[in-house]
Amino acid sequence: MNTDHRPVYIDLRKINLPVSALISITHRLSGMYVFFITLPLMLALIYFSTESEDSFNDLSLFLKDYKFILGLIVLSFCILWYHILSGVRHLIMDAHIGESLLASKYSAIFTISLWIITTCFVFWRIFS
């Protein structure tokens, strides 16, 4: 009998998680990003764009000059899009559709694939 009560340290890099678990974890992380980064950024942009005509013009010039800020906005929308896609996947699974291990794996792969394709298309359309 093991009477050792020391804490066990698990190396998370050595654990092979299934694709559906990775989708679930990244859905939670993207939700935190959306709440703490995207939401304040978009509220600030809405505030400055509706404050006055001059502030709208200043904001549009600022976004044209600084590609980094535009990239951050596009990245935030892409992460929001990922959060929406994986959220729809979770809602479908909450309705007891595709709960088997194989269906869960395929829906996770489909969600990631759809997100990558649409994100690449958006970046291509904006930055080309």
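Position one of the sequence shown corresponds to residue 38 (my numbering), numbered consecutively onward.
Backbone N, C-alpha and C define an ideal beta-carbon position, used for all residues, glycine too.
Do residue 57 and residue 145 come within 8 Å of each other at the CB atom, strictly closer than that value? Yes, these two residues count as a Cβ contact at 8 Å.
Using the Cα positions of residue 92 and residue 141, report the straight-line distance between them to the nearest angstrom. Taking the straight line from one Cα to the other gives about 48 Å.
By the three-class DSSP mapping on this structure, what secondary structure does residue 40 have? Here residue 40 carries a coil assignment [DSSP, helix/strand/coil].
Quick check: residue 100 and residue 109, are their CB atoms within less than 8 Å of each other? Against a cut-off of 8 Å, the Cβ pair of residue 109 and residue 100 comes out as no contact.
Following the continuous alpha helix (DSSP H) through residue 71, name the residue where it begins and the one where it ends. From DSSP, residue 71 is part of no alpha helix (DSSP H); its letter is neither H nor E.
Assuming residue 148 and residue 126 are in contact, meaning their beta carbons sit under 8 Å apart, how far apart are those beta carbons, in whole angstroms? Between residue 126 and residue 148 the Cβ distance is about 5 Å, and since that is below 8 Å, they are a contact.
Given 8 Å as the limit, is there contact between the segment 47 to 55 and the segment 84 to 98, that is, 3 or more CB pairs closer than that? The segment 47 to 55, when compared against the segment 84 to 98, does not touch it at the 8 Å Cβ threshold.
Classification of residue 119 by the beta-carbon crowding that lies within 10 angstroms, buried from 16 upward: It is buried - the Cβ of residue 119 has at least 16 other Cβ atoms within 10 Å.
Reduced DSSP category for residue 77 - H, G, I as helix; E, B as strand; rest coil: It is helical.
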